[in-house]
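Participant: In our numbering, the protein residues as written are 2 to 904.
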């Protein structure tokens, strides 16, 4: 570097590749001094006038501002504020067309000047050398200083960072673009202030050498700078006129002979390049305390009557300037912002002046003809020869046009400085720079999208990593909780349930797989699977049957409970006790030495028949219907003059009590009446009774083994019970017709009501006599009840053999019962209520006080009550057979019945 500095001080100059020499046309505006453009009636101030994001607004519509007051807030990074160019009122904030090749709009502040042009607070520091580096940079940022050479890069950002490693400071005053003379007039008129700005930069950057580069076509500027450049380390360097020598990289190569590396910056090689207008703005910001609110603008072209340079407030509309400097427009007048090489045509004249505006060119058609139509490239390589960046413009054109941006990037498209030299020399008049600009914009947009996607990817990965950490922590907590549960369960049960389950699974997996046998035809033998399926089906059917039986039993058990709820005075236990007393009396009479009737085969088979009759549950409705039909028939027989014994009526009533909904009180009364009649028959010494008792004693074991379980466990079939009752009534009717005339006369002379009264008295005597002996100690024995029922059925069977046509009568009675089952459903209550009113109501009244004592000793058992009723019916059948003889001795037995009642 020392040798380089020596060579530079010795006056050595270098050159760069390419370049062109267009007509400069600078004399039109460089000969007149800079003037003040004046204050327009309306200022349009864009919020973003630099290469970077805009700051936040500090003002609102209606606010009054002063000259130099910030309109936006500055922040860290490449954010610089904009300021009010004059004092006035904020009248509007909104989008407006700005100075950009796209012609698009941006957010702008509309300021209406008040004409006073009053400054706000200014805080200049003439003793800037007492300020720290950071404070100097902050002041430059607050003033809104950006590169005024055309790039408008924030100056504070450019000076910060590696700017402190600067060895050579270059102040660029070359201004190579044709027509533009802003820097020339600035150096001519403000050379002293430019030197003050250089001193501020020297204090800030501390370079070893400062160079001021000026082209040789600006002799007045060179003279003024040389006169004011009194510092030893500041040199004014004059270079030959050549376009684009004003480019930063070309200026560095011209003055130092060094090249900026690809993709790098000048500061990377220890060199800092600043435009001369930027240096002047730094001086105003630091020493004078004035922000960047105006700049020199060249107004030139043959269409201007008075071309020249003027101080223009930022935000001044171009239309107002054109009028102010007497533009003489022609048809289809063009206004170019910038020079003819790098400028762009404005979409309309209501565009504001911004920090990057250095020239407004209004040429005539003859002065600067419009480019002709684009023609095919002839591959002349003139563009490559003129390129100052040593690129291959023709290759870049092909790739940019085909949008093969990856290949264009490999050819260093981004190093293009867009100077326009290639398009200037192109014989095909191809707008090469326009293709390059579009390609570079697309590449920047793609890079921005890629960066955004990368940031999104990083956020997603960070999120996934956080989810994984949370999941791992959650699983760790769950594992710890599971371990604690296993320990607790192991301590309580002595075995780890998880380990046991895993062991079972492993054992199941390790179990050998049973091979499927094959049939003779080679098909798989699925007989075992089919058998297992059938077994499962049978089990399911058995379960369903059990459920149905359980539901039927529950309904049967609910029927007596409902009856008991309807009649709280009824007590099933009393009925069971009465039935037990009847059995005891019958057994006692049998043991008194009376002869029994021989038991035939039909009597032996009777228990099986009656057992079958008791296998189903009592259907109260059907039983009531059958009993009502039986009573109706009995009444009909009486009305027709046929003799009917009291025993026959009693049997019908007993059947009614058994078949109807079980009324324990009525069943007890019927049983008592039956026992009274049995006792009366026993006193007559009938030899048939002794034979029947002996035969029944021999069949007690069979009845016990066969009937007892059936009688206890199975319920009475109402239909079969009704048939048995009909058979008994048919037999009674037949025997009554066979009686002698004396018996018939006796039966007719004595009213039925008086016989029933005697039966009631006899039943009351028996219940009263045996109640104190049996009620407290004797419980209902189902086995004994079944034996008694078997004996009764045997007696009934024997009597049934006495008539040859009994079977025909039985069949006709059964048919009548079945038919009455359907007819009686419509109105079964009337006959039953009439009979009860005539015969059973006095009995119930008589027996109610005696049957009320043991009401709370036993639960309701409908089966036992049915057995007791069956015993009563059997005895009634026997008494019906003896009806003829009993009728003759009715008068004689009345005193004995009275004595029994007294006892």
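Using N, Cα and C, we set each Cβ at its ideal position, and we do this for glycine too.
If contact is defined by three or more beta carbon pairs under 8 Å, each pair taking one atom from either stretch, is the segment 271-287 in contact with the segment 195-209?
Facilitator: yes
Participant: Just to confirm the assignment, what range does the beta strand (DSSP E) spanning residue 179 have?
Facilitator: To locate residue 179, count along the chain shown from 1; it is residue 178. It is not in any beta strand (DSSP E) - residue 179 carries neither H nor E in the DSSP assignment.
Participant: Where do the N-terminal and C-terminal ends of the alpha helix (DSSP H) with residue 237 fall, by residue?
Facilitator: Along the chain shown, one-based indexing puts residue 237 at 236. Element bounds for residue 237: not the alpha helix (DSSP H) but the beta strand (DSSP E), 235-240.
Participant: For the pair the segment 234-243 and the segment 408-426, tell me if three or more CB-CB distances fall below 8 Å.
Facilitator: no
Participant: If you measure between the beta carbons of residue 355 and residue 142, is that distance less than 8 Å?
Facilitator: As a first step, residue 355 is located in the chain shown; it is residue number 354 there, counting from the start. As a first step, residue 142 is located in the chain shown; it is residue number 141 there, counting from the start. No. Outside cutoff.
Participant: Could you spell out the range, first to last residue, of the alpha helix (DSSP H) harbouring residue 425?
Facilitator: The residue given as residue 425 occupies position 424 in the chain shown. 422-426 is the extent of the alpha helix (DSSP H) around residue 425.
Participant: Can you name the start and end residues of the alpha helix (DSSP H) that residue 273 belongs to?
Facilitator: In the chain shown, counting from the first residue as 1, residue 273 sits at position 272. Where residue 273 is concerned, there is no enclosing alpha helix (DSSP H), although the beta strand (DSSP E) it sits in stretches over 272-276.
Participant: Give me the residue from 508, 509, 483 and 511 with the minimum Cα distance to residue 499.
Facilitator: On the chain shown, position 498 is the one that residue 499 refers to. That would be 483, whose Cα lies nearest to the Cα of residue 499.
Participant: Exposed or buried, which one is residue 62 when buried takes at least 16 other CB atoms within 10 Å?
Facilitator: Residue mapping note: residue 62 aligns to position 61 of the chain shown, counting from 1. Classification for residue 62: exposed.
Participant: With burial defined as no fewer than 16 other Cβ atoms inside 10 Å of the residue's Cβ, what is the status of residue 321: buried or exposed?
Facilitator: Numbered from its first residue, the chain shown carries residue 321 at position 320. When all chains shown are included, residue 321 counts as buried.
Participant: Can you tell me whether residue 140 is buried or exposed? The criterion is at least 16 other CB atoms within 10 Å of its CB, across all chains shown.
Facilitator: Your numbering for residue 140 matches position 139 in the chain shown. It is buried - the Cβ of residue 140 has at least 16 other Cβ atoms within 10 Å.
Participant: Cβ of residue 362 within 8 Å of Cβ of residue 341?
Facilitator: As a first step, residue 362 is located in the chain shown; it is residue number 361 there, counting from the start. As a first step, residue 341 is located in the chain shown; it is residue number 340 there, counting from the start. Closer than 8 Å, so yes.
Participant: Do the segment 18-27 and the segment 387-400 meet, that is, are 3 or more Cβ pairs less than 8 Å apart?
Facilitator: The answer is yes - the segment 387-400 touches the segment 18-27, with three or more Cβ pairs under 8 Å.
Participant: For residue 407 and residue 436, what's the separation of their Cα atoms in angstroms?
Facilitator: Counting from 1 along the chain shown, the entry for residue 407 is found at position 406. Counting from 1 along the chain shown, the entry for residue 436 is found at position 435. For residue 407 and residue 436, the distance between alpha carbons rounds to 15 Å.
Participant: Assess contact between the segment 7-15 and the segment 252-264, defined as three or more Cβ pairs (one per stretch) separated by less than 8 Å. Is contact present?
Facilitator: yes
Participant: Provide the residue span of the beta strand (DSSP E) that contains residue 311, from first to last.
Facilitator: For the purposes of this step, residue 311 is taken as the residue at position 310 of the chain shown. That run of the beta strand (DSSP E) goes 309-314.
Participant: Going by DSSP in three states, residue 84 sits in which element: helix, strand or coil?
Facilitator: Numbered from its first residue, the chain shown carries residue 84 at position 83. Residue 84: strand per DSSP, three-state reduction.
Participant: Please list the terminal residues of the continuous alpha helix (DSSP H) segment that includes residue 195.
Facilitator: Numbered from its first residue, the chain shown carries residue 195 at position 194. Segment 192-206, the alpha helix (DSSP H) holding residue 195.
Participant: Is the CB-CB distance between residue 113 and residue 89 below 8 Å?
Facilitator: Taking the chain shown and counting its residues from 1, one reaches residue 113 at position 112. Taking the chain shown and counting its residues from 1, one reaches residue 89 at position 88. Yes, Cβ-Cβ distance for residue 113 and residue 89 is below 8 Å.
Participant: Please look up how many angstroms separate the CB atoms of residue 1 and residue 343, rounded, as I've assumed it's under 8 Å.
Facilitator: As shown, the chain starts at 2 and ends at 904. That puts residue 1 outside it, with no answer to give.
Participant: Given a cut-off of 8 Å, decide if residue 48 and residue 906 are closer than it, judged by their beta-carbon atoms.
Facilitator: For the chain, the structure presents residues 2 to 904; residue 906 sits outside this window and is missing.
Participant: Using 8 Å as the threshold, is the C-beta distance between residue 379 and residue 432 below it?
Facilitator: Looking up residue 379 in the chain shown gives position 378. Looking up residue 432 in the chain shown gives position 431. Contact flag unset, no.
Participant: Using a 10 Å radius around the Cβ and a threshold of 16 neighbouring Cβ atoms, would you call residue 554 buried or exposed?
Facilitator: Numbered from 1 along the chain shown, position 553 holds the residue referred to as residue 554. It is exposed - the Cβ of residue 554 has fewer than 16 other Cβ atoms within 10 Å.
Participant: Out of 446, 384, 447 and 403, which one is the CA nearest neighbour of residue 417?
Facilitator: As a first step, residue 417 is located in the chain shown; it is residue number 416 there, counting from the start. Ranking the options by Cα distance to residue 417, first place goes to 384.
Participant: Starting from residue 296, follow the beta strand (DSSP E) in both directions and report where the run begins and ends.
Facilitator: As a working note, residue 296 is residue 295 in the chain shown. Residue 296 -> beta strand (DSSP E) spans 295-301.
Participant: Among the residues of its own chain, which have a CB less than 8 Å from the CB of residue 364, if the five just before and after it don't count?
Facilitator: For the purposes of this step, residue 364 is identified with residue 363 of the chain shown, where counting begins at 1. 302, 303, 304, 335, 337 and 341.
Participant: Based on the DSSP output, what are the partners of residue 37 in its beta bridges?
Facilitator: Within the chain shown, residue 37 is the residue found at index 36, counting from 1. DSSP output for residue 37 lists 312 as bridge partner(s).
Participant: Within 10 Å of its beta-carbon, does residue 423 have 16 or more other beta-carbons around it, so buried, or fewer, so exposed?
Facilitator: Position 422 of the chain shown, counted from the first residue, corresponds to residue 423. It is buried - the Cβ of residue 423 has at least 16 other Cβ atoms within 10 Å.
Participant: Secondary structure at residue 97, three-state DSSP: helix, strand or coil?
Facilitator: The count along the chain shown starts at 1 and reaches residue 97 at position 96. Correct three-state label for residue 97: strand.
Participant: Looking at C-alpha atoms only, which residue of 209, 184, 180 and 153 is the closest neighbour of residue 168?
Facilitator: As a working mapping, residue 168 is identified with position 167 in the chain shown. When only C-alpha atoms are compared, the closest one is 209.
Participant: Can you have a look at residue 353 and say buried or exposed, based on whether 16 or more other CB atoms are within 10 angstroms of its CB?
Facilitator: To locate residue 353, count along the chain shown from 1; it is residue 352. Burial call: buried.
Participant: Should residue 430 and residue 366 be called a contact, given that it needs their Cβ atoms to be closer than 8 Å?
Facilitator: The residue you call residue 430 lines up with position 429 of the chain shown. The residue you call residue 366 lines up with position 365 of the chain shown. No, they are not a contact pair.
Participant: Who pairs with residue 106 in a beta bridge, going by DSSP?
Facilitator: Here residue 106 refers to the residue found at position 105 when the chain shown is read from its first residue. Answer by DSSP bridge pairing, in chain order: 98.
Participant: Could you give the C-beta distance for residue 59 and residue 71, rounded to a whole number, given that I count them as a contact under 8 Å?
Facilitator: Walking along the chain shown from the start, residue 59 turns up at place 58. Walking along the chain shown from the start, residue 71 turns up at place 70. About 6 Å separates the two Cβ atoms, so the contact holds.
Participant: Measure the C-alpha to C-alpha separation of residue 351 and residue 111 and round it to an integer number of angstroms.
Facilitator: If you number the chain shown from 1, residue 351 lands on position 350. If you number the chain shown from 1, residue 111 lands on position 110. Spanning the two alpha carbons is a distance of roughly 13 Å.
Participant: Compare the C-alpha of residue 214 against each of 224, 207, 205 and 206 and name the closest.
Facilitator: By one-based count along the chain shown, residue 214 stands at place 213. Checking every option, the nearest Cα to that of residue 214 belongs to 224.
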